[in-house]
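Residue numbers (my numbering): 27 to 396.
No residue lacks a Cβ here, since even glycine has one placed at the ideal position from N, Cα and C.
In what follows, a structure is listed as structure tokens, so that the remarks can point back to it.
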Amino acid sequence: MSTKIVHLKTQMRVRGGNEFVQFVSRLLTGEADIAPYKNRVGGYEFLFFESLPDLVEKIKQKEEEGGLSRLIAGYSWPWISKEDKSKFDIHLDGISLQWNAVNEDWINSKNAVNEVGCIHTTQGYDLNYAGIIFGKEITYNPISNEIEIVKDNYFDRNGKSSIKDLSELKSYILNIYKTIMLRGIKGTFVYAADKNLREYLRSKIPSATQSMPANNEPVELVPFENAIPLYDLRVAAGNFSEPHSIQDLQWVAYYGLSKLSEDLFACKVFGKSMNKIIPDGSTCLFKKYKGGSREGQIVLVQHTSIQDSDFGSGFTVKEYHSIKNQNGDSWSHQSITLKQLSTEDSYQDIILKESELIDLKVVGIFQKVM
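Structure below.
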């Protein structure tokens with residue numbers, strides 16, 4: 027029996043092929059003269075996201091469509107949720123996320139799509155789509171045209187404690203990003219926390235954001251193609267608003283994701299009690315709440331017991347915090363604090379006790395100011 031030797035010259039896992047693999051290698055060297063990547067029709071999806079909420083939404087869309095779509099990040103945030111599951115590890119671009127809750131087979135764990143994985147929890151796994159979050163430990167120097175590492179923003183104990191030389195640490199970190207950028211078979215989506223790195227990546231990777239019309243001519247609003255519903259809630263970012271009911275549905279243009287989720291909606295937020303995050307009178311993007319932890323997130327809530335339900339319900343936007351009563355394997359809310367985030371001292375938190383919680387409804391999770 028004769029044996030035929032075949033030399034493998036291309037990387038077959040990622041559908042972008044060797045062209046994509048080589049592009050990623052050059053991209054992570056910081057080459058200023060590298061030509062921007064071009065997505066081919068029906069080919070590999072390689073997209074840059076200006077908004078982290080949009081990236082999170084896109085990954086969840088891909089998960090619903092075909093599964094195996096996950097967020098992966100560099101070690102730019104301590105893993106505080108390991109000891110306290112109620113806490114969030116990553117606070118970035120107006121949203122809060124947690125690292126992977128489990129180490130073993132995280133990719134296939136129940137809540138993985140709502141968490142962020144790392145090199146260790148994705149090594150050896152293939153995904154359909156990978157959403158890569160470049161952390162604050164990596165930046166770009168536009169003068170020297172080099173990617174640089176900010177050691178103080180790196181929190182992987184293995185790498186940080188064992189590698190003392192900064193150039194060696196840089197190679198170590200870049201190799202991690204290269205590895206996780208090659209996890210997605212069908213596509214890779216990218217977001218960067220650092221401003222300079224964001225500008226560099228934006229110039230090299232096709233944008234995920236729809237282009238706004240170039241002129242002032244009226245544009246037909248097509249629901250969930252270029253528009254999302256605008257609810258007339260008259261949300262008050264102060265105390266609960268004056269009684270208002272949801273009026274006839276209106277639509278507002280939103281040039282964000284190429285495919286808009288029907289869970290997205292917009293509403294006006296008035297008042298100054300959230301002005302550290304949300305300026306008075308802003309139109310804000312929310313996502314309908316469908317379950318899961320709300321701890322530490324900015325939420326749109328409705329409370330029917332505070333307002334006369336015959337006239338409408340009160341709404342407010344606040345940062346959500348809860349205290350729980352633990353009784354064996356079960357628990358209940360002891361109290362919920364809706365925390366103001368104001369630059370002014372006149373605003374107070376709203377604290378709801380057990381008897382007041384029955385009528386509390388979380389309507390949506392804040393995504394960003396539009």
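- Ranked by Cα distance from His146, the options Glu370, Tyr217, Asn126 and Ile121 are led by Asn126.
- Straight through space, the alpha carbons of Ser102 and Phe181 are spaced by roughly 6 Å.
- By the C-beta criterion, the stretch 308-316 is judged not to be in contact with the stretch 372-386, since fewer than 3 inter-stretch pairs fall below 8 Å.
- Following the DSSP letters along the chain, one finds Asn167 inside the beta strand (DSSP E) bounded by residues Ile164 to Asn167.
- Following the DSSP letters along the chain, one finds Gly307 in no alpha helix (DSSP H), marked with neither H nor E.
- Between the stretch 164-181 and the stretch 217-230, the count of C-beta pairs closer than 8 Å reaches three or more; the two stretches touch.
- By the Cβ criterion, the stretch 141-158 is in contact with the stretch 202-217, since at least three pairs of Cβ atoms, one from each stretch, lie closer than 8 Å.
- Closest in C-alpha terms to Gln360, from the list Gly390, Ala292, Ile384 and Leu118, comes Ile384.
- For Thr29, the number of other beta carbons within 10 angstroms of its own is below 16, and it is reported as exposed.
- In the three-state DSSP reduction, Phe291 falls in the strand class (E or B).
- Checking the DSSP bridge columns, you'll see Trp125 partnered with Val142.
- A direct Cα-to-Cα measurement between Lys177 and Tyr203 gives close to 15 Å.
- Closest in alpha carbon position to Ser77, among Lys387, Val216 and Lys298, is Val216.
- Leaving aside the five residues that flank Ala292 on each side, the residues in its chain whose CB is nearer than 8 Å to its CB run, in chain order, Ile254, Pro255, Leu256, Tyr257, Val278, Tyr280, Thr309, Cys310, Leu311, Phe312 and Met396.
- Here Ser95 is near Ile85, since their CB atoms are less than 8 Å apart.
- Nearest Cα to Ser368 within the set Gly340, Asn301, Asn351 and His329: Asn301.
- Here the alpha carbons of Asp355 and Ser229 stand approximately 52 Å from one another.
- Counting along the chain, no alpha helix (DSSP H) covers Pro255; the unbroken beta strand (DSSP E) around it starts and ends at Ala253 to Leu256.
- As computed with DSSP, Gln328 is found in a beta bridge with Phe341 and Lys387.
- When only Cα atoms are considered, Tyr198 and Glu57 end up about 18 Å apart.
- Counted as a single uninterrupted DSSP element, the alpha helix (DSSP H) harbouring Thr205 occupies residues Leu192 to Met207.
- Cβ neighbours of Ala138 within its own chain (closer than 8 Å, five residues either side excluded): Arg96, Asn126 and Trp132.
- Residue pairing of Gly210 in beta bridges, as defined by DSSP: Leu153.
- C-alpha of Asn201 to C-alpha of Val128: approximately 23 Å in a straight line.
- Burial is judged here by how many other beta carbons sit within 10 angstroms of a residue's own beta carbon; Ala61 has fewer than 16 and is exposed.
- Per DSSP, the continuous beta strand (DSSP E) segment holding Phe72 begins and ends at Glu71 to Phe74.
- In the DSSP annotation of this structure, Gln48 is not part of any beta strand (DSSP E); the continuous alpha helix (DSSP H) holding it starts and ends at Gly43 to Leu53.
- The bridge partners DSSP lists for Ile349 are Ser361.
- With respect to Lys294, Glu370 sits apart: the two C-beta atoms are not nearer than 8 Å.
- Under the DSSP assignment, Gln276 falls in the beta strand (DSSP E) whose first and last residues are Gln276 to Ala279.
- Distance from the CA of Val82 to the CA of Phe46, rounded to the nearest whole angstrom, comes to 23 Å.
- In the DSSP assignment, Arg320 falls outside any beta strand (DSSP E), carrying neither H nor E.
- Lys394 is the residue among Lys387, Tyr373, Lys394 and His329 whose C-alpha sits nearest the C-alpha of Ile303.
- According to DSSP, residue pairing for Pro249 in a beta bridge involves Ala253.
- By the Cβ-count criterion, Arg224 is buried, with 16 or more other Cβ atoms from all chains shown falling within 10 Å of its own Cβ.
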